[in-house]
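In my numbering, the protein residues as written are 22 to 201. For reference, the structure is listed below as structure tokens.
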Amino acid sequence: MGIRKTTRTIAAAVAVAGLMAGGAAVFAGTASASSVLPCTASQFTTKLVYGGAGAGNRDAAIQFTAKPGERCYLPGQAAVDLVGAHNVLVNNEAPANAPGVALVDGSSAYVPLHWTAIGGEDEQQTPNGITFTAPADSNPHGDYINPNVTVDWVFGAVDANEGSHTIDVGALTQGEAPAA
Numbered sequence: 022m023g024i025r026k027t028t029r030t031i032a033a034a035v036a037v038a039g040l041m042a043g044g045a046a047v048f049a050g051t052a053s054a055s056s057v058l059p060c061t062a063s064q065f066t067t068k069l070v071y072g073g074a075g076a077g078n079r080d081a082a083i084q085f086t087a088k089p090g091e092r093c094y095l096p097g098q099a100a101v102d103l104v105g106a107h108n109v110l111v112n113n114e115a116p117a118n119a120p121g122v123a124l125v126d127g128s129s130a131y132v133p134l135h136w137t138a139i140g141g142e143d144e145q146q147t148p149n150g151i152t153f154t155a156p157a158d159s160n161p162h163g164d165y166i167n168p169n170v171t172v173d174w175v176f177g178a179v180d181a182n183e184g185s186h187t188i189d190v191g192a193l194t195q196g197e198a199p200a201a
């Protein structure tokens, strides 16, 4: 009887260890947005990346990069707004159900931006900055972390006339932002 009980105990322990190791390998390899907590603003860095220009169109991106050792996710529809340029609107084109993206230990994701800059000088405004609101405003310990991140706008004027006065914001995409 003692050998059977020992054999069953060892078999159960091996099975549990195998499940835990397999689960850890899947978690480490894929790190889906559903397997991590929402990001706070202190878990990533943010920068604007120039994407190019042509025929009055301008492209850029807001890039988010996880700080070393951090693991969190950002929603697919980013909460983006402008500071200044009161006649320029933000048009979030990402679907409400766009999938989130996990940021893990130095990995990146970006939100594409598109606008025009062909109007006359009196029909343009230059934003002071662009803001992003992180999905979490506290860490797992309950400590408050300001969710608002502002990056200085470095791309010059944006059309602010009635016919063309928006910065279009796309869905969050995993990877580094394409640069011109």
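Just so it is clear, CB atoms sit at the ideal spot from N, CA and C, and this is done for glycine as well.
Open item on the list: Would Ile151 and Asn160 qualify as a contact pair, given that the criterion is a beta-carbon distance under 8 Å?
Closed with: Within the sequence shown, residue 151 is the residue found at index 130, counting from 1. Within the sequence shown, residue 160 is the residue found at index 139, counting from 1. Cβ atoms of Ile151 and Asn160: not closer than 8 Å.
- [ ] Would you tell me roughly how many angstroms separate the C-alpha atoms of Ala130 and Lys68, rounded to the nearest one?
- [x] Taking the sequence shown and counting its residues from 1, one reaches residue 130 at position 109. Taking the sequence shown and counting its residues from 1, one reaches residue 68 at position 47. Those two C-alpha atoms are separated by around 11 Å.
Open item on the list: Just verifying my parser: in three-state terms, what is the DSSP assignment at Asp180?
Closed with: By 1-based counting over the sequence shown, the position of residue 180 is 159. In the three-state reduction of the DSSP assignment, Asp180 falls in the strand class.
Open item on the list: Here's the rule I'm using: 16 or more other beta-carbon atoms within 10 Å means buried, otherwise exposed. How should Ala45 be labelled?
Closed with: As a first step, residue 45 is located in the sequence shown; it is residue number 24 there, counting from the start. The predicted position of Ala45 is uncertain, since its pLDDT is 36 and thus under 50; a value taken from the coordinates is nonetheless stated next. Residue environment analysis places Ala45 among the exposed positions, since fewer than 16 neighbouring C-beta atoms fall within 10 angstroms of its C-beta.
Open item on the list: Quick check on the DSSP output: what are the complete beta strand (DSSP E) runs of length 3 or more inside the region 104 to 171, in order along the chain?
Closed with: You should have 110 to 113, 122 to 125, 129 to 137 and 150 to 154.
Open item on the list: By the DSSP assignment, the beta strand (DSSP E) with Lys88 in it spans what residues?
Closed with: Walking along the sequence shown from the start, residue 88 turns up at place 67. Run containing Lys88: none; DSSP gives neither H nor E here.
Open item on the list: Less than 7 Å between C-beta atoms, sequence neighbours within five positions excluded: which residues of the same chain meet that for Thr51?
Closed with: Reading the sequence shown from its first residue, position 30 is the one you call residue 51. Below a pLDDT of 50, predicted positions are generally treated as unreliable, and Thr51, at 42, falls in that range; the measurement from the model is reported next regardless. Sequence-distant partners of Thr51 (beyond 5 residues in either direction) whose C-beta falls short of 7 Å from its own C-beta are missing from its chain.
Open item on the list: If the criterion is Cβ atoms closer than 8 Å, does the pair Ala123 and Val57 meet it?
Closed with: Residue 123 sits at position 102 when you count from the first residue of the sequence shown. Residue 57 sits at position 36 when you count from the first residue of the sequence shown. The beta carbons of Ala123 and Val57 sit closer together than 8 Å.
TODO: Check Ala62 in the structure and name its three-state DSSP category.
DONE: Numbered from 1 along the sequence shown, position 41 holds the residue referred to as residue 62. Three-state DSSP puts Ala62 in a helix.
- [ ] Check whether the Cβ of Gly72 sits closer than 7 Å to any heavy atom of the ligand NAP, and report yes or no.
- [x] As far as ligands go, the structure on display features none, and thus does not contain the ligand NAP.
TODO: Compute the Euclidean distance between the alpha carbons of Glu142 and Asp80, then round it to the nearest angstrom.
DONE: In the sequence shown, counting from the first residue as 1, residue 142 sits at position 121. In the sequence shown, counting from the first residue as 1, residue 80 sits at position 59. In this structure, the CA atom of Glu142 is about 20 Å from the CA atom of Asp80.
Open item on the list: I want to see whether chain B comes within less than 8 Å of Ala157, judged by CB atoms only; does it?
Closed with: Structure shown: chain B not included; a single protein chain is present.
Task: 8 Å Cβ shell around Gly158 - same chain, five flanking residues per side excluded - done: Position 137 of the sequence shown, counting from 1, holds the residue named residue 158. According to the sequence provided, residue 158 is Asp. The question's Gly does not apply to it. Result list for Asp158: Thr61, Tyr165, Ile166, Asn167 and Pro168, in chain order.
Open item on the list: Considering only their Cβ atoms, is the gap separating Ala181 from Gln145 smaller than 8 Å?
Closed with: Locating residue 145 in the sequence shown gives position 124, where the first residue counts as 1. Locating residue 181 in the sequence shown gives position 160, where the first residue counts as 1. Judged by their CB atoms, Gln145 and Ala181 are nearer to each other than the 8 Å cut-off.
Open item on the list: For Gln195, list the residues DSSP reports as bridge partners.
Closed with: In the sequence shown, the residue the question calls residue 195 occupies position 174. In the DSSP output, where bridge partners are listed per residue, Gln195 has Ala130.
Open item on the list: Just to confirm, is the Cβ distance from Phe153 to Val101 under 8 Å?
Closed with: Translated into the one-based positions of the sequence shown, residue 153 becomes position 132. Translated into the one-based positions of the sequence shown, residue 101 becomes position 80. The answer is yes: Cβ separation under 8 Å.
Task: Chain-order list of residues whose beta-carbon lies under 6 Å from that of Ser185 (same chain, five-residue window excluded) - done: For the purposes of this step, residue 185 is identified with residue 164 of the sequence shown, where counting begins at 1. By the criterion of a C-beta distance shorter than 6 Å, Ser185 is surrounded in its chain by Thr137, once the five residues flanking it on both sides are discounted.
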